[in-house]
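Step one of this worksheet: look at the structure below.
Numbering (our numbering), first residue to last: -11 to 459.
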């Protein structure tokens, strides 16, 4: 099944591509693959967009090797598509003009941990789980948690966030510096280990979220956090979406330092019960987690319980037991896969938006009504502490009418969020799937973005056909 998405024409020079593949095969040997299966796997993984495979995949092991690949592609005008773990959802790693997929997964070394300064330096292929396993005995942790065990380079490139964002921020808040290969193959370093700087343009923030369209991130300096003394978490059912969202709004407005506050609609709770063997009431539910001291997390849980009661919530069941919390959050992270038990054999179309928290209830309820009015089966989950929520529509890939209805629903959802002062994507990124929405969201600022792209990548070889719609 493939849904329609805006396509930006990408020029292709077959002679140049062939020459580059021949040179790379000689240079990298079996680390340059032209296998059909490998190329298809690097076209996309979980996205619903059509697979557009590269001509070859190069597995780089150092920044210098990656720079050699980019320089060669720049010389011949051949596209370069950076690849981490392939967990993106909007066609970020597709190769609409062919070219070279630059796989950084073997660049997976943790280069330095500076415990006193709460920072570390890692290669781009290190995953978030790998980093946290390494940090376990240091008393530190890295909080950005998008669910998938994504590479940190890919997380920076897509400006990822996740369940902890309401407390710890997103990738833009924790990336202190980068090593980047520019479109010409030059290696530059941005930012540094200082906690603040007023020196020059903030190039780090320029590359964070650029989705590989301006350069290839090969190393990152990241901010770390101390592991909390105590953690408590729990679940609270609500009679309807509006009551749950109002409880979220009151929690944030009261300044309660919640670490995670996640919304699951009744369909998602039903799926989690079946897939993860939970026994939750099948009604809109909030999953929460609090970090702090023993006394602090107990007080936070009690304050939230009072807020939930004022909003019509049921009994808030909370626990400080690690095993019980792990079961809940494993179920939350498995929400995507659990949804398929609701319609075996269906395909999933996943999308996300983010709105000001004051419009959250209105936007989620309108989205639920839209699903029902169009006879679409979908689940809703959200990092609702910052107004971000996801919809997974379960689609019969052999039903053209259902596919068309799903396409129209996704469009309405994105327009709705933008018109409420929000964004077409809180964390998935733009890739190919969200390009059509950027003009309404950014207006004339798109011309500035195009000017930056043209200045840094005049040959348009860096992940072309992504992010920026045609002028």
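Where a beta carbon is used, it is the ideal one built from N, C-alpha and C, also for glycine. Since the model is a prediction, treat every value here as computed from it, not as a measurement.
Under the 10 Å beta carbon count, residue 174 is surrounded by fewer than 16 other beta carbons and is classified as exposed. Residue environment: residue 23 is assigned as exposed (fewer than 16 neighbouring CB atoms within 10 Å of its CB, all protein chains considered). Assignment of residue 62 by DSSP, reduced to helix, strand and coil, places it in the helix class.
Taking residue 364 as the centre and dropping the five residues before and after it, the same chain places the C-beta of 381, 393, 394, 397 closer than 7 angstroms to its C-beta, in chain order.
For the segment 373 to 426, the full-length beta strand (DSSP E) segments reaching 3 residues or more read 376 to 383 along the chain. For the set 51, 42, 56, 93, the Cα lying nearest the Cα of residue 83 is the one of 42. Of the candidates 274, 269, 197, 234, 274 places its Cα closest to the Cα of residue 251. Under DSSP, the beta-bridge partners assigned to residue 108 are 101, 210.
Residue 305: member of the beta strand (DSSP E) spanning 305 to 307, first to last residue.
A Cβ-Cβ distance of about 5 angstroms is found for the pair residue 408 and residue 343, placing them in contact under the 8 angstroms criterion. Taking the Cα positions, residue 178 is about 21 angstroms away from residue 446. With the rule of 3 Cβ pairs closer than 8 angstroms, the segment 370 to 390 does not count as touching the segment 430 to 440. Taking 4 residues as the minimum length, the alpha helix (DSSP H) runs contained wholly in the segment 220 to 250 are 229 to 241, in order along the chain. DSSP places residue 342 inside the beta strand (DSSP E), whose first and last residues are 335 to 342.
Residue 91 is bridged by DSSP to 47, 71. Going by DSSP, residue 278 is part of the beta strand (DSSP E) stretching over 273 to 280. Rounded to whole angstroms, the separation of the alpha carbons of residue 230 and residue 217 is 34 angstroms. Looking from the CA of residue 114, the closest CA among 72, 89, 154, 149 belongs to 72. Per the coordinates, the alpha-carbon of residue 305 lies some 41 angstroms from the alpha-carbon of residue 181. DSSP, read as helix, strand or coil, puts residue 37 in coil. In the three-state DSSP reduction, residue 130 falls in the coil class, being neither helix nor strand. Distances from the CA of residue 157 to each of 264, 318, 211 were compared; the closest alpha carbon is that of 211.
For residue 196, the three-state secondary structure derived from DSSP is coil.
DSSP places residue 252 within a strand segment (E or B) once states are collapsed to three. Between residue 221 and residue 303, the CB-CB gap reaches or exceeds 8 angstroms.
DSSP, read as helix, strand or coil, puts residue 437 in helix. In the DSSP assignment, residue 371 falls within the unbroken beta strand (DSSP E) covering 365 to 371. The alpha carbon of residue 219 has as its nearest neighbour, out of 347, 290, 245, 277, the alpha carbon of 277. Between residue 280 and residue 238, the alpha-carbon positions lie close to 20 angstroms from each other.
Taking a 10 Å sphere around the C-beta of residue 243, we find fewer than 16 other C-beta atoms and assign the residue as exposed. Shown here for residue 106: same chain residues with a beta carbon closer than 6 angstroms to its own, the five before and five after excluded, namely 212 in chain order. The alpha-carbon separation between residue 295 and residue 235 amounts to approximately 6 angstroms. The segment 308 to 315 makes no contact with the segment 200 to 210; the number of CB pairs closer than 8 angstroms stays below 3. Residue burial annotation: residue 2 is exposed, with fewer than 16 other C-beta atoms found within 10 angstroms of its C-beta. If you check the CB distance, residue 79 and residue 420 come in under 8 angstroms.
The Cβ atoms of residue 159 and residue 196 sit closer than 8 angstroms to each other.
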